[in-house]
Amino acid sequence: MIRRSETTGGPPDSVEVIYFDAPWLFDTEMRNYIAQARSLADAPGHQLTPENAHFRYISGAAESGKLVNGLDAVVAAYQDEAEQRSLKLNWLALWSFGSTLTLLLLTGLLVFRPMVRRVGADMRAMSDLNATLEERVAARTKELSDSEALYRSLVAHLPMCLLRKDREGRFTFVSDRFCQLVGRVRHEILGQFDGNLFPEPLAAKYVSDDRRVIESESPFHDVEQHSAADGKTLYVEVLKTVLRDGQGDVIGTQTMFWDVTDRKEAEARALQAERLAAIGQMVTGVAHESRNALQQMQACTKLLEWEVNGQSAAVSGLIADLYKEQDRLRRLFDDLRGYAAPHKLQLRKCRLNDVCHDAWESLANVRQGRDVTIHEISDGNDVASVVDPFQMEQVFRNLFENAIHACSDPVRIAVRYGSTGQNGHSALQIAVSDNGPGLP
Numbered sequence: 001m002i003r004r005s006e007t008t009g010g011p012p013d014s015v016e017v018i019y020f021d022a023p024w025l026f027d028t029e030m031r032n033y034i035a036q037a038r039s040l041a042d043a044p045g046h047q048l049t050p051e052n053a054h055f056r057y058i059s060g061a062a063e064s065g066k067l068v069n070g071l072d073a074v075v076a077a078y079q080d081e082a083e084q085r086s087l088k089l090n091w092l093a094l095w096s097f098g099s100t101l102t103l104l105l106l107t108g109l110l111v112f113r114p115m116v117r118r119v120g121a122d123m124r125a126m127s128d129l130n131a132t133l134e135e136r137v138a139a140r141t142k143e144l145s146d147s148e149a150l151y152r153s154l155v156a157h158l159p160m161c162l163l164r165k166d167r168e169g170r171f172t173f174v175s176d177r178f179c180q181l182v183g184r185v186r187h188e189i190l191g192q193f194d195g196n197l198f199p200e201p202l203a204a205k206y207v208s209d210d211r212r213v214i215e216s217e218s219p220f221h222d223v224e225q226h227s228a229a230d231g232k233t234l235y236v237e238v239l240k241t242v243l244r245d246g247q248g249d250v251i252g253t254q255t256m257f258w259d260v261t262d263r264k265e266a267e268a269r270a271l272q273a274e275r276l277a278a279i280g281q282m283v284t285g286v287a288h289e290s291r292n293a294l295q296q297m298q299a300c301t302k303l304l305e306w307e308v309n310g311q312s313a314a315v316s317g318l319i320a321d322l323y324k325e326q327d328r329l330r331r332l333f334d335d336l337r338g339y340a341a342p343h344k345l346q347l348r349k350c351r352l353n354d355v356c357h358d359a360w361e362s363l364a365n366v367r368q369g370r371d372v373t374i375h376e377i378s379d380g381n382d383v384a385s386v387v388d389p390f391q392m393e394q395v396f397r398n399l400f401e402n403a404i405h406a407c408s409d410p411v412r413i414a415v416r417y418g419s420t421g422q423n424g425h426s427a428l429q430i431a432v433s434d435n436g437p438g439l440p
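Read in order, the letters of the sequence shown are residues 1 to 440 in this note's numbering.
Here it is, written out as structure tokens:
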């Protein structure tokens, strides 16, 4: 039996709710039973005896069973009420979830869907822009590749050498022609200095020229002498300029040079031809004036021959020599006068030993007072040939005169005639030797 607590003044709230606040669950008899129980609970402690009327009332078996059944009914009622409340709460939660979901769907349709659409449109625009950028990058890459290929093709086929150096003078780029010129491969040149590739005088000049270009930032143009890898001397025309980066700062020098050896040689030949033309004009004038003197000599010789009229064989021989030398002078003057014209030989068949004798006799005044002898040697074959006697005599005269001046007495000159072949034809070979010291 539950009774009120003397210390707290009553039972727990949950018990009071069940047993005291729900009389509508019991009939009149049960209510009386509960009232008796309340009175017993409120009775003082000394009245709680078996003789107490309230105690006897509630201790009956029938009333106790009814009370238990009533309590079971109360519990069942409360369980039903709890289930109803739980079901109500579940339906309330489900309604709240559905409302929230509906609200979210409506919010998504009204707010997020346009945002999603905008984001989707932005993503598509970004994708299109990315594709466009990729196409532009690919096109630009191809343009750069084509430009680089064109640049390399131009550099490789330009008829000149191209090189670049940094501010310290190290090679940073060289063309194939430059590699061929110095006789080295590219990786052996890059990073090197002029002093590692060229002789000291040339290297010092190149360094000085590069420094001048960097300091003045002005082009340098010159024609220089250069040594090729095979030792051949070349003339090259050089153009040096400063090399700048994308910001316009000077980062080194760029040099282009090309071979002008043929041009220099042509200029030298033209200058020589001009000088020879001037000499030819002068010689022509001298020859013209000399012919007048020669004609006077011939007239005097004729007069002398008429005066002598064969009185002396020796004088007649001297007069014949005069005629011969005058004829030689006439030929010389004709050659001088026709200096600029193609040389014409007056060919005829003659014996070369006779031409040799004439040349030897014409040097009588040169041999006078000297111990000079000549010895002719032949293999026995014919020494006749088709030549210009005058020109061949000049050849013999020059050889003999050079030997006489170059040798000390006694002078011994040997002339050898022999047969030989040349280009499938028979030929006559002449060798002239002396006992001089020879060339050093």
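Ideal Cβ positions, reconstructed from N, Cα and C, are used throughout, including at glycine.
Note that the structure is a prediction, hence the values are computed from the model and not measured.
> With DSSP run on the structure shown, which of helix, strand or coil describes Gln-272?
Replying inline: For this step, residue 272 is matched to residue 272 along the sequence shown. DSSP places Gln-272 in helix when its eight states are reduced to three.
>> Which residue wins for smallest C-alpha separation from Gly-191, given the options Ser-216, Leu-163, Gly-183?
In response: The residue you call residue 191 lines up with position 191 of the sequence shown. That would be Leu-163, whose Cα lies nearest to the Cα of Gly-191.
> Between which two residues does the beta strand (DSSP E) containing Leu-234 stretch?
Replying inline: Counting from one through the sequence shown, the residue named residue 234 turns up at place 234. It spans 233–244 - the beta strand (DSSP E) in which Leu-234 sits, taken as one unbroken run.
> Measuring CB to CB, does Glu-217 end up less than 7 Å from Val-182?
Replying inline: By 1-based counting over the sequence shown, the position of residue 217 is 217. By 1-based counting over the sequence shown, the position of residue 182 is 182. Cβ distance not < 7 Å, so Glu-217 and Val-182 don't count as in contact.
> Which value, in whole angstroms, describes the spacing of the CA atoms of Ser-316 and Leu-329?
Replying inline: Counting from 1 along the sequence shown, the entry for residue 316 is found at position 316. Counting from 1 along the sequence shown, the entry for residue 329 is found at position 329. Their backbone Cα atoms lie some 20 Å apart in a straight line.
>> Here's the rule I'm using: 16 or more other beta-carbon atoms within 10 Å means buried, otherwise exposed. How should Val-136 be labelled?
In response: As a working mapping, residue 136 is identified with position 136 in the sequence shown. Looking at the sequence provided, one finds Arg at residue 136 rather than Val. Around the beta-carbon of Arg-136, fewer than 16 other beta-carbon atoms lie within 10 Å, marking it exposed.
>> To the nearest angstrom, how far is the alpha carbon of Pro-23 from that of Asn-90?
In response: As a first step, residue 23 is located in the sequence shown; it is residue number 23 there, counting from the start. As a first step, residue 90 is located in the sequence shown; it is residue number 90 there, counting from the start. A caution first: Pro-23 carries a pLDDT of 46, below 50, which makes its placement in the model unreliable, though a value can still be read off. For Pro-23 and Asn-90, the distance between alpha carbons rounds to 30 Å.
> Helix, strand or coil for Gly-418 per DSSP?
Replying inline: Within the sequence shown, residue 418 is the residue found at index 418, counting from 1. DSSP places Gly-418 in strand when its eight states are reduced to three.
> With C-beta atoms as the reference, is Ala-414 less than 7 Å away from Ser-433?
Replying inline: For the purposes of this step, residue 414 is taken as residue 414 along the sequence shown, with counting starting at 1. For the purposes of this step, residue 433 is taken as residue 433 along the sequence shown, with counting starting at 1. Cβ distance < 7 Å, so Ala-414 and Ser-433 count as in contact.
> Around the C-beta of Asp-230, are 16 or more other C-beta atoms found within 10 angstroms, so that it is buried, or is it exposed?
Replying inline: Along the sequence shown, read from residue 1 onward, the residue named residue 230 stands at position 230. Classification of Asp-230: exposed, given that the 10 Å Cβ count is below 16.
> Shortest alpha-carbon distance to Ile-377 belongs to which of Asn-365, Ala-431, Ala-427?
Replying inline: Residue mapping note: residue 377 aligns to position 377 of the sequence shown, counting from 1. Closest by alpha carbon: Ala-431.
> Met-466: buried (16+ other C-beta within 10 angstroms of its C-beta) or exposed?
Replying inline: Because residue 466 is not part of the residues shown, which for the chain are 1 to 440, the question remains open.
> If you measure from the beta carbon of Tyr-235 to each beta carbon in chain D, is any gap under 7 Å?
Replying inline: Of the protein chains in this structure there is only one, and it is not chain D.
>> Considering Cα atoms alone, identify which of Val-223, Cys-356, Leu-129 is closest to Arg-263.
In response: In the sequence shown, the residue the question calls residue 263 occupies position 263. Of the candidates Val-223, Cys-356, Leu-129, the one whose C-alpha sits nearest the C-alpha of Arg-263 is Val-223.
>> Per the DSSP calculation, Asp-388 is bridged to which residue(s)?
In response: Working through the sequence shown from its first residue, we reach residue 388 at position 388. BP columns for Asp-388 are empty, so no partner.
>> Quick test of the definition: if touching needs 3 or more C-beta pairs under 8 Å, does the region 420–428 touch the region 389–396?
In response: no
> From this set, Leu-399, His-187, Leu-106, which residue's C-alpha is nearest Ile-374's C-alpha?
Replying inline: The residue you call residue 374 lines up with position 374 of the sequence shown. Nearest option by C-alpha distance: Leu-399.
> Quick one: what's got a C-beta closer than 8 Å to Leu-239's C-beta in the same chain, skipping five residues either side?
Replying inline: Locating residue 239 in the sequence shown gives position 239, counting from the first residue. Closer than 8 Å at the Cβ level, and outside the excluded window around Leu-239, lie Pro-219, Phe-220, His-221, Thr-255, Met-256, Phe-257.
> Any contact of the region 162–177 with the region 191–205, i.e. 3+ C-beta pairs under 8 Å?
Replying inline: yes
>> Using only the alpha-carbon positions, how far apart do Gln-326 and Gln-281 sit?
In response: Translated into the one-based positions of the sequence shown, residue 326 becomes position 326. Translated into the one-based positions of the sequence shown, residue 281 becomes position 281. CA-CA distance, Gln-326 to Gln-281, rounds to 23 Å.
>> Excluding the 5 residues flanking Asp-259 on each side, which residues of the same chain have their C-beta closer than 7 Å to its C-beta?
In response: Here residue 259 refers to the residue found at position 259 of the sequence shown. Closer than 7 Å at the Cβ level, and outside the excluded window around Asp-259, lie Leu-234, Val-236.
>> Considering only the alpha carbon of each residue, which of Thr-102, Leu-144, Asp-382, Leu-332 lies closest to Leu-345?
In response: In the sequence shown, counting from the first residue as 1, residue 345 sits at position 345. Residue Leu-332 is the option with its Cα nearest to Leu-345.
>> Less than 7 Å between the C-beta atoms of Val-386 and Leu-347, yes or no?
In response: Here residue 386 refers to the residue found at position 386 when the sequence shown is read from its first residue. Here residue 347 refers to the residue found at position 347 when the sequence shown is read from its first residue. In contact: Val-386 and Leu-347 (Cβ atoms closer than 7 Å).
> For Lys-165, which residues does DSSP report across the bridge?
Replying inline: In the sequence shown, residue 165 corresponds to position 165, counting from 1. Bridge partners of Lys-165: Phe-171, Thr-253.
>> If distances are taken between C-alpha atoms only, which option among Ser-362, Ser-96, Leu-276 comes closest to Lys-324?
In response: Residue mapping note: residue 324 aligns to position 324 of the sequence shown, counting from 1. Answer by Cα proximity: Ser-362.
> Is Asp-249 near the ligand ZN, in the sense that its beta carbon is under 6 Å from a heavy atom of that ligand?
Replying inline: By its list of ligands, the structure shown contains no ligand whatsoever, and the ligand ZN lies outside what it can speak to.
> With Asp-369 and Ala-403 assumed to form a contact (beta carbons below 8 Å), what rounded beta-carbon distance in angstroms separates them?
Replying inline: Within the sequence shown, the letter at position 369 stands for residue 369. Within the sequence shown, the letter at position 403 stands for residue 403. Note that residue 369 is Gly in the sequence shown, not Asp. About 16 Å separates the two Cβ atoms, so there is no contact after all.
> DSSP on Val-260, reduced to helix/strand/coil?
Replying inline: Within the sequence shown, residue 260 is the residue found at index 260, counting from 1. Coil.
> Helix, strand or coil: how does DSSP classify Ser-218 here?
Replying inline: Here the question's residue 218 lines up with position 218 in the sequence shown. Three-state DSSP puts Ser-218 in coil, outside helix and strand.
>> Bridge partners for Thr-373 per DSSP, in chain order?
In response: Locating residue 373 in the sequence shown gives position 373, where the first residue counts as 1. Partner(s): Arg-412.
>> Starting from Leu-352, trace the alpha helix (DSSP H) in both directions and tell me its first and last residue.
In response: The sequence position of residue 352 within the sequence shown is 352, counting from 1. Here the alpha helix (DSSP H) through Leu-352 covers 352–362.
>> How far does the alpha helix (DSSP H) with Gln-192 in it extend, from its first residue to its last?
In response: Walking along the sequence shown from the start, residue 192 turns up at place 192. Run containing Gln-192: none; DSSP gives neither H nor E here.
> Does the distance from the CB of Val-366 to the CB of Tyr-417 come in under 7 Å?
Replying inline: One-based indexing of the sequence shown puts residue 366 at position 366. One-based indexing of the sequence shown puts residue 417 at position 417. Cβ distance not < 7 Å, so Val-366 and Tyr-417 don't count as in contact.
> If you draw a straight line from the C-alpha of Arg-4 to the C-alpha of Asp-42, how long is it?
Replying inline: For the purposes of this step, residue 4 is taken as the residue at position 4 of the sequence shown. For the purposes of this step, residue 42 is taken as the residue at position 42 of the sequence shown. For Arg-4, the predicted structure reports a pLDDT of 46, less than 50, and the residue's modelled location is therefore unreliable. A value from the coordinates is still provided. In a straight line, the C-alpha of Arg-4 is about 7 Å away from that of Asp-42.
> What three-state label does DSSP hand Arg-348 in the structure shown?
Replying inline: By one-based count along the sequence shown, residue 348 stands at place 348. The answer is strand: DSSP assigns Arg-348 an E or B state.
>> Here's the rule I'm using: 16 or more other beta-carbon atoms within 10 Å means buried, otherwise exposed. How should Lys-165 be labelled?
In response: Within the sequence shown, numbered from 1, the residue matching residue 165 stands at position 165. Under this definition Lys-165 is a buried residue.
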